[in-house]
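The block underneath contains the structure these notes are about, expressed in structure tokens.
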Amino acid sequence: MAISLRTVLALALFWMSAAAQKSVVKFKLKPIAPQECAASASELGALVGLDEVRVVFRGGAKNQEAHEKAGLHLWYQGVAPTPAAAAQAVSRLASQARVDVAEREPEGTLY
């Protein structure tokens with residue numbers, strides 16, 4: 061069974077349009093204990109409707125102290141299903157007392 065070029069192109073366009081619908085939201089927590097960051101970020105992400113919440117800058121054991129001193133452990137990102145949902149998530153995150161910065165990732169970047 062051979063797949064036509066038209067089918068391959070249609071599937072590629074469908075996949076690209078589905079991937080383009082998702083928007084990435086980055087946010088920085090206000091300073092808290094490093095062991096509390098992941099739970100707090102996950103809770104906030106669920107509260108505003110973000111999926112796949114994860115740390116932006118992963119730290120290693122070798123540089124953990126410098127990583128925390130620079131505040132890199134406080135940055136997280138999540139995925140919103142649509143650009144409109146991402147804008148709403150940024151607005152809701154910005155109003156949270158535990159969040160220092162909330163912003164949308166520019167469109168067209170890879171995730």
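In the working numbering, the protein residues as written are 61 to 171. Ideal Cβ positions, reconstructed from N, Cα and C, are used throughout, including at glycine.
(1) Any idea if glutamate 167 is buried or exposed, counting beta-carbon neighbours within 10 angstroms, 16 or more meaning buried?
(2) Could you give the uninterrupted runs of the beta strand (DSSP E) lying entirely in the region 93-122, keeping only those of 3 residues or more?
(3) What would DSSP say about arginine 152, mapped onto helix, strand or coil?
(4) Going by DSSP, name the residue or residues bridged to glutamine 137.
(5) CB phenylalanine 87 to CB valine 161, shorter than 8 Å?
(6) Between valine 115 and chain C, is the shortest Cβ-Cβ distance under 8 Å, so that the two count as touching?
(7) Taking the beta strand (DSSP E) that glutamate 167 falls in, what are its first and last residues?
(8) Leucine 104 and glutamine 156 - do their beta-carbons sit closer together than 8 Å?
In short:
(1) Taking the sequence shown and counting its residues from 1, one reaches residue 167 at position 107. Exposed, because fewer than 16 other Cβ atoms sit within 10 Å of the Cβ of glutamate 167.
(2) Every beta strand (DSSP E) of 3 residues or more that sits fully in the region 93-122 is shown, in chain order, as 111-115.
(3) Position 92 of the sequence shown holds residue 152. Helix at arginine 152.
(4) The residue given as residue 137 occupies position 77 in the sequence shown. DSSP, once it has assigned bridges, lists Lys86, Arg114 as partnering glutamine 137.
(5) To locate residue 87, count along the sequence shown from 1; it is residue 27. To locate residue 161, count along the sequence shown from 1; it is residue 101. Yes, Cβ-Cβ distance for phenylalanine 87 and valine 161 is below 8 Å.
(6) No chain C is present in this structure, which holds just one protein chain.
(7) Within the sequence shown, numbered from 1, the residue matching residue 167 stands at position 107. For glutamate 167, there is no enclosing beta strand (DSSP E), as DSSP gives it neither H nor E.
(8) Position 96 of the sequence shown holds residue 156. Position 44 of the sequence shown holds residue 104. Taking 8 Å as the Cβ cut-off, glutamine 156 and leucine 104 qualify as a contacting pair.
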